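In the numbering used here, the protein residues as written are 516 to 637.
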């Protein structure tokens, strides 16, 4: 049986972590998606990264269709974040498992805010 630490270690080894600076360097690309996998209550309490698409982690496989948001799905990059980075790593691993290639863990919302990243209130 695998425990959560083993699952997180595996996800962190598989999914590249992208820095705030590197993320900002590709946000203007119309083929880049920012995905917020937190729960709705978290967004209502703190907002979200400006332009992020919200899909709770538990619904990811059922409702997320990133092809609907980009100009060229072949060049798509998906930056995933949550509150602290753990759910983002697991969600990004799931996206890679189902076939998406350029998927990155952006980490946590708090880290984004502390670096001066733009947010929007829900």
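Glycine included, each C-beta is placed from N, C-alpha and C at the ideal position. Please read all numbers here as calculations on a predicted model, not as lab measurements.
Practice task
Take residue 534 and list the residues in its own chain whose beta-carbon comes closer than 8 Å to its own, dropping the five residues that flank it on each side.
Solution key: Numbered from its first residue, the chain shown carries residue 534 at position 19. Excluding residues within five positions, none has a Cβ falling inside 8 Å.
Exercise for the section: Ignore the nearest five residues each way along the sequence and tell me which others in residue 597's own chain have a CB closer than 6 Å to its CB. Expected result: In the chain shown, the residue the question calls residue 597 occupies position 82. Answer for residue 597: 552, 553, 603, listed in chain order.
Handout entry: Residue span of the beta strand (DSSP E) that contains residue 595, given as start and end
Key = Sequence index remark: in the chain shown, residue 595 carries index 80 (1-based). Residue 595 -> beta strand (DSSP E) spans 592-597.
Exercise for the section: Under 6 Å Cβ to Cβ from residue 633, same chain only, skipping five residues before and after it: list those, please. Expected result: Numbered from 1 along the chain shown, position 118 holds the residue referred to as residue 633. 565.
Practice task
Look at the alpha carbon of residue 525 and the alpha carbon of residue 618, and state the distance between them as a whole number of angstroms.
Solution key: The sequence position of residue 525 within the chain shown is 10, counting from 1. The sequence position of residue 618 within the chain shown is 103, counting from 1. Going by the C-alpha atoms only, they are around 15 Å apart.
Exercise for the section: Look at the Cβ atom of residue 585, then the Cβ atom of residue 546, and state whether they are nearer than 7 Å. Expected result: Walking along the chain shown from the start, residue 585 turns up at place 70. Walking along the chain shown from the start, residue 546 turns up at place 31. Their beta carbons are under 7 Å apart, which means residue 585 touches residue 546 by this criterion.
Problem - Own chain, CB closer than 8 Å to residue 559, minus 5 neighbours either side, in chain order - result: Taking the first residue of the chain shown as 1, we reach residue 559 at position 44. Apart from sequence neighbours up to five positions away, the residues of its chain that approach residue 559 with a beta-carbon distance below 8 Å are 637, ordered along the chain.
Handout entry: For residue 547: DSSP bridge partner residues
Key = Taking the first residue of the chain shown as position 1, residue 547 is located at position 32. The partner list for residue 547 (beta bridge, DSSP) reads 592.
Exercise for the section: State the start and end residues of the unbroken beta strand (DSSP E) segment that holds residue 619. Expected result: Position 104 of the chain shown, counted from the start, is the residue given in the question as residue 619. 617-623 is the extent of the beta strand (DSSP E) around residue 619.
Practice task
Using only alpha-carbon positions, find the residue among 579, 605, 635, 614 that is nearest to residue 528.
Solution key: The residue given as residue 528 occupies position 13 in the chain shown. Looking at 579, 605, 635, 614, the one whose alpha-carbon comes closest to that of residue 528 is 605.
Handout entry: Per-residue DSSP class, three states only, for residue 613
Key = Start at 1 with the first residue of the chain shown, and residue 613 comes out as number 98. Residue state, collapsed to three classes: coil.
Practice task
Use the C-beta contact count for residue 610: other C-beta atoms within 10 angstroms, 16 or more gives buried, fewer gives exposed.
Solution key: Translated into positions along the chain shown, residue 610 becomes position 95. Looking at its Cβ environment, which holds 16 or more other Cβ atoms inside 10 Å, residue 610 is buried.
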